[in-house]
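In the numbering used here, the protein residues as written are 774 to 872. By construction, the Cβ of each residue, glycine as well, lies at the ideal position given by its N, Cα and C atoms. If you're wondering where the values come from, they're calculated on a predicted model, not measured in any experiment. Here's the structure, in structure tokens; my notes come after.
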């Protein structure tokens, strides 16, 4: 019974609780929210810069791949790009990939 009484007292005290905030509390919160919104609006140029670096690295990888294909096969034939330059229908593993 003691636990129930303690719980009831606690609930009564919490029901009557009225928190007090400092003067200007809401202004500081609103100011921080406005600052956060300004920070996200300035993130677009950072996204463009990041996209530029990612796209440049992708283009560099494609160029390196094409140079590797050209140096190993001597041409940019579609068979060389697909990697089937030594394909023969007699090879059962490669022939099974033909749909």
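{"Check": "Anyone know if the C-beta pair for residue 854 and residue 837 falls short of 8 Å?", "Outcome": "no"}
{"Check": "Whole angstroms are fine: how far does the CA of residue 784 sit from the CA of residue 797?", "Outcome": "30 Å"}
{"Check": "Using DSSP with H/G/I as helix, E/B as strand and the rest coil, what is residue 792?", "Outcome": "coil"}
{"Check": "What would DSSP say about residue 830, mapped onto helix, strand or coil?", "Outcome": "helix"}
{"Check": "Which same chain residues end up closer than 8 Å to residue 856 when comparing Cβ atoms and leaving out the 5 residues on each side of it in sequence?", "Outcome": "none"}
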